[in-house]
Amino acid sequence: MPSREISTAIFNVFMFLLLWRFTIRLFQRPRRSRRWLTQNSSSYTALSPRAMSSPSPLEIAQDRYARGEIDAKEFEQIVDHLLKSRSPSQEW
């Protein structure tokens with residue numbers, strides 16, 4: 311039985327160290343993400359507000375057509391309806 315107690319103790323110490331490692335990494339992660347957003351590198355660019363916003367109705371229709379959810383006739387009807395109902399200030 312003593313060998314089993316030793317192996318259990320070793321396992322518990324290992325799990326305790328692993329827990330501390332993940333806890334420390336959890337608090338380090340936000341600093342790294344903020345640094346990433348402020349870097350002026352060509353490979354790292356922050357998302358624009360337009361990229362983070364929801365897709366436009368036209369983009370949704372295009373996606374549905376590309377996936378085959380709607381046919382060409384229905385896609386044209388949706389586009390015609392959107393073009394008739396859109397105001398001049400809306401951008402697509």
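Heads up, the sequence shown stops at 402 in the working numbering, and the numbers go up one at a time, no gaps.
Glycine residues also receive a C-beta, built at the ideal position from the N, C-alpha and C atoms.
Would residue i and residue j be called neighbours here (beta carbons separated by less than 8 angstroms)?
i           : j           : result
residue 371 : residue 389 : yes
residue 393 : residue 367 : no
Tell me whether residue i sits in a helix, a strand or coil according to DSSP, three-state version.
i           : result
residue 328 : helix
residue 390 : helix
residue 320 : helix
residue 379 : coil
residue 396 : coil
residue 364 : coil
residue 354 : With a pLDDT of 48 at residue 354, under the threshold of 50, the modelled position of this residue cannot be trusted, and the question is left open.
For residue i, I'd like the list of residues in its chain whose CB is within less than 7 angstroms of its CB, leaving aside the five on either flank, ordered along the chain.
i           : result
residue 385 : 371 and 375
residue 335 : none
By Cβ distance, which residues of its chain are closer than 6 angstroms to residue i, with the 5 residues on each side in sequence left out?
i           : result
residue 330 : none
residue 387 : none
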